[in-house]
Structure formats: structure tokens, C-alpha cells
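Residues in the first sequence are numbered consecutively from 3, following this note's numbering. So the structure is just underneath, and the comments pick up after that.
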Amino acid sequence: MICRMMTNVFADFQRVLLRTIEDLSANGELPSGLDLHRIAVEPPRDPSHGDLATNAAMVLAGAVRQNPMALAERIAAALAGREFASGDYRGTGFTVAPAKPGFINVTLAPEAWHAQLRAILRAGTAFGDSSLGGGERVNVEFVSANPTGPMHVGHGRGAVVGDALAGLLAKAGFRVEREYYINDAGAQVDVLARSAYLRYREALGEAIGPIPEGLYPGEYLTEVGRALAERDGTKWLHRPEIEWLAPVRDFAVEQMLRLIREDLSLLGVHHDLFVSERALSERGAIDDCIQVLAGRGLVYTGVLDPPKGKLPDDWEPRPQTLFRATSFGDEVDRPLEKSDGSWTYFAADIAYHRDKVRRGFDNMIDVWGADHGGYVKRLQAAIQALTNGAASLDVKICQLVNLFDKGVPVRMSKRAGTFITLREVVEEVGKDVFRFIMLTRRNDQALDFDFAKVTEQSKDNPVFYVQYAHARAASVMRHAAEQFPKDDLSDAGLIEAPLERLADPSELALIRQLAGWPRLVEAAAETHEPHRIAFYLYEVAAQFHVLWNKGKDEATLRFILASDAELTRARLALVRGVALVIASGLAVFGVEPAQEM
RNA sequence: GACCCCGUAGCUCAGCCGGAUAGAGCACUCGCCUUCUAAGCGAGUGGUCGCAGGUUCGAAUCCUGCCGGGGUCGCCA
Numbered sequence: 003m004i005c006r007m008m009t010n011v012f013a014d015f016q017r018v019l020l021r022t023i024e025d026l027s028a029n030g031e032l033p034s035g036l037d038l039h040r041i042a043v044e045p046p047r048d049p050s051h052g053d054l055a056t057n058a059a060m061v062l063a064g065a066v067r068q069n070p071m072a073l074a075e076r077i078a079a080a081l082a083g084r085e086f087a088s089g090d091y092r093g094t095g096f097t098v099a100p101a102k103p104g105f106i107n108v109t110l111a112p113e114a115w116h117a118q119l120r121a122i123l124r125a126g127t128a129f130g131d132s133s134l135g136g137g138e139r140v141n142v143e144f145v146s147a148n149p150t151g152p153m154h155v156g157h158g159r160g161a162v163v164g165d166a167l168a169g170l171l172a173k174a175g176f177r178v179e180r181e182y183y184i185n186d187a188g189a190q191v192d193v194l195a196r197s198a199y200l201r202y203r204e205a206l207g208e209a210i211g212p213i214p215e216g217l218y219p220g221e222y223l224t225e226v227g228r229a230l231a232e233r234d235g236t237k238w239l240h241r242p243e244i245e246w247l248a249p250v251r252d253f254a255v256e257q258m259l260r261l262i263r264e265d266l267s268l269l270g271v272h273h274d275l276f277v278s279e280r281a282l283s284e285r286g287a288i289d290d291c292i293q294v295l296a297g298r299g300l301v302y303t304g305v306l307d308p309p310k311g312k313l314p315d316d317w318e319p320r321p322q323t324l325f326r327a328t329s330f331g332d333e334v335d336r337p338l339e340k341s342d343g344s345w346t347y348f349a350a351d352i353a354y355h356r357d358k359v360r361r362g363f364d365n366m367i368d369v370w371g372a373d374h375g376g377y378v379k380r381l382q383a384a385i386q387a388l389t390n391g392a393a394s395l396d397v398k399i400c401q402l403v404n405l406f407d408k409g410v411p412v413r414m415s416k417r418a419g420t421f422i423t424l425r426e427v428v429e430e431v432g433k434d435v436f437r438f439i440m441l442t443r444r445n446d447q448a449l450d451f452d453f454a455k456v457t458e459q460s461k462d463n464p465v466f467y468v469q470y471a472h473a474r475a476a477s478v479m480r481h482a483a484e485q486f487p488k489d490d491l492s493d494a495g496l497i498e499a500p501l502e503r504l505a506d507p508s509e510l511a512l513i514r515q516l517a518g519w520p521r522l523v524e525a526a527a528e529t530h531e532p533h534r535i536a537f538y539l540y541e542v543a544a545q546f547h548v549l550w551n552k553g554k555d556e557a558t559l560r561f562i563l564a565s566d567a568e569l570t571r572a573r574l575a576l577v578r579g580v581a582l583v584i585a586s587g588l589a590v591f592g593v594e595p596a597q598e599m
């Protein structure tokens, strides 16, 4: 694997800083063996403090037994005169200043920012790629909707969050696998089979009347019934359920899966692997897995206390096969077997995650709906038990999506036929809008989705605002190409532009903003929070729009100046930098950057 | 009753592996807008970061306890 040293101004400065502190230790001015772990280099909250700030002196003050301010002054003195030794800033300098409680503020020479912009143009949309993951494998399981019907908007949120998270981790240097777990073994797919069978009879001319309680009433099943009739003819008519249940179920599940894949594909989501619960079960993976747990003394037969609060009507004490989840941080031990002797969903899920671990995934992420929140601890407990803590599972819980139209809640009812599917929403607003909006909230925060707002072309709409910045950048490049037909305006050509002429504070501020992209990618990847990208892109777009608008008031700040081809080229480099960073972020989201709007 | 998530500006939300006067959009107020790079621009008002303790040089951020909202709670998945 080629190890590219990607540019990250914060990391590059940190290297200089750590080197400086080590030198101080080496010549006895500081004790050796200091814990440098907590030293951070970050942008100061207030830009007037400089470009970078570090808490090094405050973090080390205790161990060094010195007051933070005095230590800051010593470190600052030692930093003075140094310069970047690596990366795209090699040879550029900076000034340092200790500040109040013990910060050390750093201001880079403008050349450093110009070098940064050159690096962005060189990297293209690969700017922000990180080696954080070190090629480690990570498995992201998401959607995993039951194959019993079309997906709804909530599934869509999970799909987008999972896919974007996977994309983010890939950008951060992980080897990512996207996975879908097919719940094709439980009672629900039997209900699906019975519902499909009814539609099958209907397709063969029978009057079936209203769909009985307990079966799926959805219209989408008529098509399944028809297809089954077409394939098998009258073969299953008037036969006992035991004969047709399995084949009809398999057929229906396959159809539903096809439907789901189509919907996902419409969203631009593609999984690398689909794993069938039934296949897992038939292979004996669940029995194996439970046996392993039993071998460690973690499975026993016991009677659970009744749940507090409202009791289920049919509750009665019953001895069950239980997993000792309480030994691993869960509140109660959890049942593995149903009363009919079959495995619970939990048992199967343990086996499934064991399967992932055995396929080499020590890092697992699951994206679930809000209603599964109470299930997280027990699965993590089981994984800990199986792997002795060697494997980890992070679960991202997605809260509800509430649909609105012009501020009015969209009432949904399966009965009244006003249920809105994911497909309908995506067809209405487009995949890019849907995806972006799904990422404008933390996953664990409920999200309001207003059809009118998300398609509005205004500053209030973050999708539009970000896309418009990219389209504007593209528009500038088109105009420039017309005005300067002989100039090389490719990214490679613009690297040679006289960037030192980018001297306006708002231009440098924009480059600073762009320089934060690699750092943001790493932070978002570490916390598994793709939504941070949406907020970052909004800020980049905002700064770009500000610069654009300045050009309205001050003609000298326009990107294209007919009288000054060289300055124009420098500014176009900046415009391209903005476009590349936005495109790079949108790529993580799986959103196509707009060339014009 | 237990567990999980949430509580930050009038509204919708960022910020949360501790860091320097707490941010954005909307709304509101006040300017600007014959015009070019359409889908407005600029500025301003607005905060006990649910409450109370604790840890720390330093807390919206970490810990504990309360209060309020949502979700979940044996043989559904």
C-alpha cells in the first residue's frame, strides 16, 4: 500500500511542536518522559488570536511543576525561528505568542496558506484523505430492513447515515465493508408468505375479500401474487400450508429483497454483502455460537423477574435459556430460546456478529432505528463475551424522521393508503437532496423533513446553499475560460499561478477554512459522525458566498479581472480550491456536486 | 420502576474524548439593492448552556443527584 503523506496543517505543526518539546527534554530544560498525549493543536476560537493554538503548556504544567504561562513562554521561545520541516509547508515559517492562561498562539506566514492551496489543487478531491484508519478493516451494517415490504423514510435515514459513515471511514483510511443482514427466518416472513399466498389466490381469480387481521394488507403484494401465479401456475392451490409455506416464503422474500435493492439503488446505496439469517441458521451457526457461550458458563436455565411497569397480559414465570448478559454490563440476563424451542432473534444476532468477527472484523458498526435502542447493551455484552473484548461494536441509533409539507405534518396511515414510502420521497425530491438533508442532523436527533423546504432555492436550505456554492465556482470557471481562452485554467495549470497575490484577509480566511478539511474528516471519522461534514460544508459555502458578495461592492475583489490575468489566475486557484473541498465532502455523502443550477 | 437518548438565543439546531468574551440559520430591528458574478447584501438586538452539587488552573463539555420531554422494557424483529 502506498503511504501518501496527506497535508494537514494541524498535524504538521504538531510534529514541529513535539519535536521542539523533545529537544527541550534532551538538553535538560524539561524533564524527559513527559506524557505528550493530551497536547492538542487546534484552530483558536477567536481568529484574532492567530491561525493555530496549542494547549501544550497547560497540559504539561503539572508534570513540569511550573506555572502554565511561564512554560508557555519557554516553549514559545524554543519554537521561535523554527519552520515546517515536512509536508507542503516545508520551509515556511510562523510566529508564536504565549497568551493568558498558557496558550501558545501560532500565526503562519501567508506563504504557508498559499502552499496549502497548492496542495489542495494537487490533491484534488482526494484532499482530506487520511491515514487514520491505517488500512484497518471495519464493517458497517445498515438498513437491514425486514424483507416484508417497501422501505419507509426511516429506513432511508439509516441507509444514508450508514452509507455516508462508510464513505467517511473509507476516506479516513479504513477498509470498509457495507453489509445488510436479511431477517428472513422469523415469524414475520411467514406472515409475508401467507399474505403473498392470499394474493396468489387472488391472482388466480379468487375473490379474497378484505385482508384478514394479522396479514400484510399492502398493495405491493398483489404483484408478488401475480408473479408467483405466473411462475408456478395453480400448483399450490388447495394444498396444506405446510407444503407451500416455505417455497412461497422464499419467493416472496426474494421479491421483497429485489424491491428493497431497487429502492436502495435509487438512493445510490449499494451493499457489498447481504447475509441471510436463515442461511446462518441452517448452517448451524447459531447452535455453534450458543454452545461456545455455554462452554464458558454463560448460558443457563433460569426464571426472569417480571418486567416492572405494565405487565404483558400473558406474562407468567417460565424457565428459559438465558445468556448471562449481566456479567458484561447489561441490566438483566437475556433469553436465547423461545418457548417453542427455536432461537430468539437475539441468539441469531449474536451468531451473526460472531460470523462478522470470524470474517476478520474487529471493528463493527451497526446502524439501527430508534426502537432498537434498548437492544444495544445486550449485543455488546455478547460480543464482549465471545471475543474477550477483542472486538468492538458501535451502534448508531437513528431517530425518527417526521414528514412535513409547508410546515404541515404529513399524516400517514397504512389503512387510509396515505403511507409514504421511501421511494416516493426520493422520486419527489431527488436522491441528492434526500441524502444531504438526512445528514444535516446528528443521527440520534429527530429530524423534520419538509418537502417544500428541502427543495426551496434559498439560503435557508442547506442543500441548495452548498450546491449553489459549487455551481457558482463552476460558473466562474466557465466565464474565465471565455475571457482568457489562451490561459491554462486546469488545476495543474493553476498550481503555477502567483498565489502570493492572494493577500486579502477574506481570501486567506477562506484558505484557512479549506485547510481545516483534513482535520474535520479525522474528527468525524473518529466519532463516527458524518453529519459534521454537512455543517462544515455549509461554513465553507458561507465564506465563499461572502467573498463573492464582496466582489459586488469592491470591483477589485472580483474573481475575474479582465485587466489582470495573473491575479485572476490566483483567484481562480482559490475558487477551484473551494469547489474541490465541497466536491470532496459531497463525495463522502454520495451527493453529486452541481455544475449549474 | 429500570435502562437509553434528549434539554444551548423567541424557533430549528451546531459545539460536548475540558480550554481563552458560547456559534449558525430563521424570526425581529436598522440600513443598502437601475444590476451585476440571478435565486439579495450588510449590520444589530437576543443566552442563569434544565437545576444543584463535585472534579479541575479552567466545565455547555467529565462525575453524582434531581427536574422536564421522548423511546424501550420475557417467548417481535
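Yeah, the Cβ is synthetic: ideal placement off N, Cα and C, and Gly gets one too. None of the values given here were measured: they were computed from a predicted structure.
Buried/exposed call for residue i, threshold 16 Cβ in 10 Å
| i | result |
| --- | --- |
| F537 | exposed |
| R6 | Note that R6 scores 44 on pLDDT, short of 50, meaning its location in the model is unreliable and no value can be drawn from it. |
| D342 | exposed |
| G297 | exposed |
| A209 | exposed |
| L19 | buried |
| W317 | exposed |
| N404 | exposed |
| M414 | exposed |
| D274 | exposed |
| V410 | exposed |
| G587 | buried |
| S565 | exposed |
| G135 | buried |
| E528 | exposed |
| G207 | exposed |
| D368 | buried |
| R21 | exposed |
Bounding residues of the alpha helix (DSSP H) (the contiguous stretch that carries residue i)
| i | result |
| --- | --- |
| L259 | E243 to L268 |
| L574 | A567 to F591 |
| P112 | P112 to A125 |
| G553 | H533 to D555 |
| L324 | Unbroken run through L324 is the beta strand (DSSP E), P321 to F325; no alpha helix (DSSP H). |
| L405 | That residue, L405, is in no alpha helix (DSSP H); its beta strand (DSSP E) goes V403 to D407. |
| S283 | E279 to E284 |
| G297 | A287 to G297 |
Segment limits, beta strand (DSSP E) that includes residue i
| i | result |
| --- | --- |
| Q515 | No beta strand (DSSP E) holds Q515; the alpha helix (DSSP H) holding it covers P507 to A517. |
| I184 | R177 to I184 |
| E143 | R139 to E143 |
| D434 | Unbroken run through D434 is the alpha helix (DSSP H), K433 to M440; no beta strand (DSSP E). |
| G156 | Looking at the DSSP string, G156 is not in any beta strand (DSSP E); the run it does join, the alpha helix (DSSP H), is V155 to K173. |
| T303 | V301 to V305 |
| I399 | S394 to C400 |
Rounded distance between the beta-carbons of residue j and residue i, thought under 8 Å
| i | j | result |
| --- | --- | --- |
| E603 | T323 | Because the chain here runs from 3 to 599, residue 603 falls outside it and cannot be looked at. |
| P152 | Y91 | Not really, about 53 Å apart at Cβ, beyond 8 Å. |
| V155 | R180 | Contact doesn't hold; Cβ gap of about 20 Å is too wide. |
| R443 | H533 | 6 Å |
| L73 | G104 | 7 Å |
Next item on the list: State whether the stretch 572-592 contacts the stretch 114-130, with contact taken as three or more CB pairs (one from each stretch) at a distance under 8 Å.
Entry: yes
Note to self: When you compare the stretch 507-517 with the stretch 159-168, are there three or more beta-carbon pairs, one atom per stretch, that lie closer than 8 Å?
What the structure shows: Short answer: they don't touch.
Check: Can you list, in chain order, the stretches of the beta strand (DSSP E) that have 3 or more residues and sit fully within the stretch 9-96?
Finding: 54-56
Notebook entry, point to check: Taking the runs of the alpha helix (DSSP H) that are 4 residues or longer, which of them lie wholly in the stretch 340-387?
Noted result: 347-360
Margin query: I want to know whether the stretch 231-249 touches the stretch 177-190 - three or more CB-CB distances under 8 Å.
Written below: no
Note to self: I want to know whether the stretch 56-71 touches the stretch 85-96 - three or more CB-CB distances under 8 Å.
What the structure shows: no
Next item on the list: Please list the segments of the alpha helix (DSSP H) lying wholly inside the stretch 442-518, counting only runs of 4 or more residues, in order along the chain.
Entry: 453-456, 464-485, 493-496 and 507-517
Note to self: Please give me, in chain order, every unbroken run of the alpha helix (DSSP H) with length at least 4 that falls completely inside the stretch 176-239.
What the structure shows: 189-205 and 222-234
Note to self: Under 8 Å, with one C-beta from each stretch per pair, do the stretch 430-438 and the stretch 258-273 reach the 3-pair mark?
What the structure shows: Yes: the two stretches touch, three or more of their Cβ pairs being nearer than 8 Å.
Checklist line | Inter-stretch contact (C-beta, 8 Å, three-pair minimum) for the stretch 144-152 and the stretch 529-547 | finding: no
Margin query: Closer than 8 Å is the cut-off here; do at least three beta carbon pairs connect the stretch 39-54 with the stretch 72-86?
Written below: no
Next item on the list: Count the CB pairs spanning the stretch 343-360 and the stretch 277-290 that are closer than 8 Å, and state whether there are at least three.
Entry: yes
Next item on the list: May I ask you to verify whether the stretch 486-500 touches the stretch 552-559, counting CB pairs closer than 8 Å and requiring at least 3?
Entry: no
Note to self: Does the stretch 237-251 come into contact with the stretch 195-214, if we say contact requires no fewer than three beta-carbon pairs (one atom in each stretch) closer than 8 Å?
What the structure shows: yes
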